[in-house]
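At position 176 of the sequence shown the residue is numbered 167 (my numbering), and the sequence of numbers has no breaks.
Backbone N, C-alpha and C define an ideal beta-carbon position, used for all residues, glycine too.
Following: one structure in structure tokens, then a few remarks.
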Amino acid sequence: MRPTSVEHTQFVHRSVMDRSSLDINLRILYLFFYVHGLNNALTHYHGHQQWRVDWIVRFEHQTTSTEAPPDSAGLLFSGRFVELVPTYGDAIVQDIDHRVLGSKLDLFHQQEEGPGMVFWHPRGWKLYRAIEDYIRAEMAHSGFLEIRTPQVLARSLWERSGHWDKFGASMYSLSHEDDKRPFCLKPMNCPGHIQVFSQRTRSYQDMPLRYSEFGACHRYEPSGSLQGLMRTRAFVQDDAHVFCSIEQVDAEIRNFCDLLKRIYTQFGFHEYKVFFSTRPNLRMGSDFMWDRAEAALSEAAMAAGLSFDLQPGEGAFYGPKLEFHLTDTRGRNWQCGTVQLDLFLPERLNAHFVSNEGRPHTPVLIHHAVLGSIERFIAILLEHYEGWLPSWLAPEQVSVATVTSNNAAYADRVTRLFQSSGLRAVLDSRAERLGKKIVDARERCIPTLAVVGPRDEANQTVVLRSKRGVQETVTLANAVKYLREECLPPLALRGV
């Protein structure tokens, strides 16, 4: 049974080596845990975060029993019962807020001069680029052609597309005395993609034609609704558009669903829910065309093996959509991926292709994004992993730490070898104790520490220490092989 307690004293502890705020008894306690490997015995409390040495330590005074409760990591230490409480509850939920992690890990910041905008720091930009490069490779592998469209376009284009009527209040407008026409920062990318499609005569033999873009968008959001990376005024979408015939819709939706599932799995999200959003009250087009669009999308979704819940009235103003809601480690759902079937925008913007009968036809336009806003997806990732990103995403994948300054030249050579092998490696040759370097690497959530000392230099080896605390001495060649397998992005390992 659980000991009867009169008084509780709690400490939230975040690093086994950082004891500056703890008394000497607690320091000895943590040293005892660390030396005897009890942090590994407690990993069932942390799920995917089993390597993070975080817990709440609760002292329960005046206990009537020193028997540890079932399924608890209880120890009798210095005459007091100590219970290690899992840290994923509401008690420290603020510690996994992506804004806190972004500051702690030196990834990004925001400030008043750019409300709703993001200043990416070097470490954060490495993470951003790792995600972007992976998505770019997946899209290319799936037959998408990457394009780039302007940030500023005449307001007349947005009026023709219908976006000005729908989103005008949220669009940034500007003009110049030398050009009296009003312009807008783009809030989305689809009209620009249609302009690229329409720049030459298209044939049915060109279809399906797939475009992708990391499109920078700006939308005005009320200041009270801004929330770190979750809701911003400037963001980048992993946007894509497929121009196809109605007969090709099923295959394109199925291909997108396969792509989405593969990408979500690589990012560590194995569960998601699908919602089918139907026509909203404010929309373009006739009910007859909406009937066609909704029927085509629902049939394509079922052909792709999806089961979905209905969201009446939640579709885009130009077409019905499927929404994909990820489930994170805390059971929270996040809407990320979307696929929308559009029978209207191509017609409004005069996009056509020549059929096999030689007559002009309006293409079907499939809008889709896997992540949605990259900024928002990074926030979801940081909270999902509590900062401990998978090795292939970590801004710094390995830190090479010297034992003494005498090994600095060898450590530099090891670092350069890792970097030339495609790894994001950093050198820590500071005149600090090794223990301090280990702590700092953990604080920055670097998944692997490579320690080099006099013996390693003599034998041309390195000691690899994982975030689990497990370490092994290996040759340089084996270290490179192991780290590449651990850290390279998924497509690289598939030889793509």
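Rounded C-alpha distance that separates residue i from residue j
i      : j      : result
Leu414 : Glu238 : 45 Å
Pro141 : Phe158 : 18 Å
Ala294 : Glu285 : 14 Å
Thr223 : Arg210 : 8 Å
Leu474 : Val454 : 12 Å
Tyr202 : Phe135 : 5 Å
His343 : Leu336 : 11 Å
Thr78  : Asp447 : Residue placement at Thr78 is flagged as unreliable, the pLDDT there being 41, under the threshold of 50; a coordinate-derived value is accordingly withheld.
Val443 : Gly460 : 16 Å
Gln326 : Glu314 : 7 Å
Tyr263 : Phe308 : 25 Å
Asp300 : Phe267 : 6 Å
Pro241 : Cys248 : Just to set this straight, residue 241 is Asp in the shown sequence, not Pro. Cα to Cα, Asp241 sits roughly 11 Å from Cys248.
Cys478 : Trp383 : 4 Å
Asp230 : Asp124 : 14 Å
His261 : Pro481 : 16 Å
Arg339 : Arg151 : 7 Å
Thr269 : Gly304 : 5 Å
Ser194 : Val187 : 15 Å
Arg435 : Ala400 : 24 Å
Tyr163 : Gly105 : 14 Å
Leu98  : Gln388 : 15 Å
Pro173 : Trp149 : 11 Å
Arg367 : Met221 : 5 Å
Asp88  : Val345 : 52 Å
Phe234 : His352 : 12 Å
Lys171 : Ala160 : 20 Å
Leu200 : Gln218 : 36 Å
Gln257 : Val227 : 21 Å
Asp156 : Ala145 : 14 Å
Gly296 : Met198 : 24 Å
Ile126 : Ile365 : 10 Å
Pro381 : Lys95  : 17 Å
Ala494 : Asn246 : No information on residue 494 is available, as it lies outside the stretch -8 to 487 that the chain covers here.
Buried/exposed call for residue i, threshold 16 Cβ in 10 Å
i      : result
Leu250 : buried
Thr452 : buried
Thr395 : exposed
Glu243 : buried
Gln102 : exposed
Ala449 : exposed
Gly363 : buried
His375 : buried
Phe279 : exposed
Lys427 : exposed
Thr57  : Legend: pLDDT at Thr57 = 37, less than 50; position of this residue unreliable, no value from coordinates given.
Ser165 : In the sequence on display, residue 165 carries Leu and not Ser. Exposed, by the Cβ-count rule.
Ala291 : buried
Gly328 : buried
Ala385 : buried
Glu536 : Outside the shown range of the chain, which is -8 to 487, sits residue 536, and nothing can be said about it.
Leu273 : exposed
Phe110 : exposed
Ala470 : buried
Ser129 : Residue identity check: residue 129 is Glu in the sequence provided, not Ser. Buried, because 16 or more other Cβ atoms sit within 10 Å of the Cβ of Glu129.
Ala468 : exposed
Gly310 : buried
Ser277 : exposed
Ser390 : buried
Thr466 : exposed
Lys472 : exposed
Arg191 : exposed
Arg456 : buried
Arg114 : buried
For residue i: DSSP bridge partner residues
i      : result
His232 : Tyr202 and His358
Trp383 : In the DSSP output, where bridge partners are listed per residue, Trp383 has none listed.
Asp419 : Ala392
Ala225 : His209
Ala441 : Val391 and Leu455
Phe464 : Reading off the sequence shown, one finds Thr at residue 464, where the question assumed Phe. Answer by DSSP bridge pairing, in chain order: Val454.
Leu176 : Val143
Ser194 : Val345
Phe99  : Trp111
Gln218 : Arg222
heavy atom of the ligand ZN below 7 Å from residue i C-beta
i      : result
Thr269 : Questions concerning the ligand ZN fall outside what the structure shown contains, since it holds no ligand whatsoever.
Contact with chain B by residue i, beta-carbon distance below 8 Å
i      : result
Gln228 : Protein chains in the displayed structure number just one, and chain B is not present.
* Asked: In chain order, which alpha helix (DSSP H) runs of at least 4 residues are fully inside the region 125 to 172?
  -> List check, alpha helix (DSSP H) in window: 146 to 152 and 154 to 158.
* Asked: At which residue ranges does the region 299 to 379 contain complete alpha helix (DSSP H) runs of 4 or more residues, listed in the order of the chain?
  -> Annotation: the region 299 to 379 contains the following complete segments of the alpha helix (DSSP H) (minimum length 4 residues), in chain order: 336 to 339 and 365 to 376.
* Would you check if the region 346 to 359 and the region 398 to 417 touch, i.e. whether three or more CB-CB distances between them fall below 8 Å? => Of all C-beta pairs linking the region 398 to 417 to the region 346 to 359, fewer than three are shorter than 8 Å, placing the two stretches out of contact.
* To do: Determine contact between the region 172 to 185 and the region 213 to 221, defined as no fewer than three beta-carbon pairs at a distance below 8 Å.
  => Taking a contact to require three or more Cβ pairs closer than 8 Å, the region 172 to 185 and the region 213 to 221 do not qualify as touching.
* Asked: In chain order, which continuous runs of the beta strand (DSSP E) of length 3 or greater are located wholly inside the region 231 to 279?
  -> Along the length of the region 231 to 279, whole beta strand (DSSP E) runs at least 3 residues long occupy 263 to 268, reported in chain order.
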